[in-house]
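What follows is a set of notes on a single structure, which appears directly below.
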Amino acid sequence: MDVSLLAGEGATALVGLMVADGWAAVRERVARFFSRGDDAGEAERVEAELEEARRDLVEASEDPGIAEDVEAAWRLRFRRALREHPEAVGELRALLDELVPEQERTGSGDTYNSVSGTVNGGLVVQGRDFGATTIGLPRPAPRGEGGAGGSSGR
Numbered sequence: 058m059d060v061s062l063l064a065g066e067g068a069t070a071l072v073g074l075m076v077a078d079g080w081a082a083v084r085e086r087v088a089r090f091f092s093r094g095d096d097a098g099e100a101e102r103v104e105a106e107l108e109e110a111r112r113d114l115v116e117a118s119e120d121p122g123i124a125e126d127v128e129a130a131w132r133l134r135f136r137r138a139l140r141e142h143p144e145a146v147g148e149l150r151a152l153l154d155e156l157v158p159e160q161e162r163t164g165s166g167d168t169y170n171s172v173s174g175t176v177n178g179g180l181v182v183q184g185r186d187f188g189a190t191t192i193g194l195p196r197p198a199p200r201g202e203g204g205a206g207g208s209s210g211r
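In terms of our numbering, the sequence shown has 200 at position 143, counting the first letter as 1, and numbering is strictly consecutive.
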C-alpha cells in the first residue's frame, strides 16, 4: 500500500477516534507508535499533542474546517513517520485493523446477496449511498385527475 494512502487512512481514523469512547487507550497506542517505543518522554509529548488536537476538535465541533486541519496535520505526521521508519507500515496497518476494522474505515467489505423466489414486476436493489436515483419512468396521471378539461365524474 502507498505510504500516503496509509497515512491518510491513519489520520482519518485517528480524528474519528479522538471523539469516541476509549480515547485514552487509543491515545496511548498512537503515542507509542510515534515514539517508536524508545523514549518515554517522547511518548508523553505525543500524548500531549494528541490531547491538544482532541480539545481543538471538541471545542470547535461546529466548524468542519478544524477537523480537516487536525486530520491534515496528523496525516503529515503519519507520512513522515512512515518515511523515516518503513518497517512501521505493518505496525500502523495492524494498529488500524485493531482499532478500526476495515469496514468502518473504508465502508467496504465482503457483501453477499442472495435473491430467491419470484419477484413479479418489481426490482430488487441493494446498495449504499444512493442519491437522486430514478428507476423506470413516472406513470402518467389517470384521465380526469389533475388535468385540464377533465370531468369530475359526477
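Backbone N, C-alpha and C fix where the C-beta goes; we use that ideal spot for every residue, glycine too.
Rounded to whole angstroms, the gap between the alpha carbons of VAL72 and LEU139 is 18 Å. VAL146 is not a Cβ neighbour of LEU74, given a cutoff of 8 Å. With fewer than 16 other Cβ atoms inside 10 Å of its own Cβ, GLY79 counts as exposed. ASP113 and ALA129 have their C-alpha atoms some 14 Å from each other. About 5 Å separates the beta carbons of ARG132 and ALA64, which is inside the 8 Å limit, making them a contact pair. Taking the C-beta atoms as reference points, ARG86 is found nearer than 8 Å to LEU152. DSSP, reduced to helix, strand and coil, places GLU119 outside both helices and strands of the structure shown, so it counts as coil.
Residue environment: GLY67 is assigned as buried (16 or more neighbouring CB atoms within 10 Å of its CB, all protein chains considered).
VAL76 is classed as exposed because its beta carbon has fewer than 16 other beta carbons within 10 Å across all chains shown. Residues of the same chain with their beta carbon placed closer than 8 Å to that of ASP96 are lacking, with the five preceding and five following residues left out of the count. Across the structure, ARG136 and ALA82 are spaced so that their CA atoms are roughly 22 Å apart. Annotated as proximal: ARG84 and LEU107, with beta-carbon spacing under 8 Å. Between GLU148 and PHE90, the CB-CB gap stays under 8 Å. A distance below 7 Å between beta-carbons, with the five flanking residues on each side excluded, links ALA70 to the following residues of its chain, in chain order: LEU153, LEU156, VAL157 and ARG162. VAL127 sits away from ALA100, with the two beta carbons spaced by 8 Å or more.
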